[in-house]
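These notes are about the structure you will find just below.
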Amino acid sequence: MKRRHLLLPLVATLALSLAACSKEESTAAPGSGGGAADKSPIATAQAYDALAAQGKGFSAGALMSAHTVYVLFDPQCPHCGHLWQSSIPLQSKVKFVWLPVAIMNAKSAPQGAAIMTSANPVETMTAHEQLLLGGQGGMSASASIPPEVLAAIKTNTDLLERLGATSVPFMVAKHQRSGAVVTQGGALGVEALANFLGMGQ
């Protein structure tokens with residue numbers, strides 16, 4: 471019995487570490503490095519405003535909501551897919567802005583670009599995540615990316631690094647009750663996501 475109690479914290483730690491895809495596990499996508507972008511760290515208190523001003527992506531959920539959640543995600547990350555699914559029940563009350571980054575592999579930037587430039591990014595993202603979580607690698611996407619879209623994905627990737635995040639998904643929001651800027655690395659279930667955002671009872 472004693473041994474079982476010793477294993478529980480280890481299991482919990484492993485579960486947490488498996489809820490995100492880290493840069494260390496991946497190879498950066500082409501075009502995700504270099505350049506003269508600002509590399510200065512962003513403090514948590516400034517994270518929300520920085521993403522609002524510099525991040526580029528697509529919106530899902532309650533577009534007129536005063537509550538906006540920024541999600542940095544890699545289209546090749548299955549944990550980002552799980553977070554997408556968890557966000558769907560909350561989209562009637564919250565505006566989510568999904569910002570694609572490219573840290574996983576060569577498919578990351580083309581898929582992120584295809585989702586961003588889709589006529590209906592929410593539908594495209596849903597279909598993509600179903601394919602990804604179904605073990606099919608996600609949607610097919612052209613490797614030919616418009617320069618301005620590739621630049622936006624690179625800016626998002628730089629923002630992820632400047633926020634000190636080591637994995638995706640990475641969320642930045644304002645807690646609905648306290649108003650404080652809060653961050654979270656890794657996927658959450660629906661209830662945990664609601665609590666993180668200050669929507670819980």
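Here this note's numbering is used: the first residue of the sequence shown is 471, the next is one more, and so on. Don't be surprised by glycine CBs; every beta carbon is placed ideally from N, CA and C. Note that the structure is a prediction, hence the values are computed from the model and not measured.
The C-beta distance from V567 to S529 rounds to 5 Å, short enough to fall under 8 Å.
Inclusion of P570 and F543 in the CB contact set at 8 Å is warranted, their separation being smaller than that value.
When DSSP states are grouped into helix, strand and coil, Q581 belongs to the helix group. For C491, the three-state secondary structure derived from DSSP is strand.
Boundaries of the alpha helix (DSSP H) around A597: 591-603.
DSSP lists V541, Q654 as the beta-bridge partner residues of M641. Within 10 angstroms of the beta-carbon of G605 lie fewer than 16 other beta-carbons, which makes it exposed. Per DSSP, the beta bridge partners of P570 are F543. A straight-line Cα-Cα distance of about 31 Å links D519 and Q600. Judged by DSSP secondary structure, A523 falls within the alpha helix (DSSP H) whose first and last residues are 514-524. The straight-line gap separating the alpha-carbon atoms of A490 and A664 is approximately 18 Å. Across the structure, S578 and E593 are spaced so that their CA atoms are roughly 18 Å apart.
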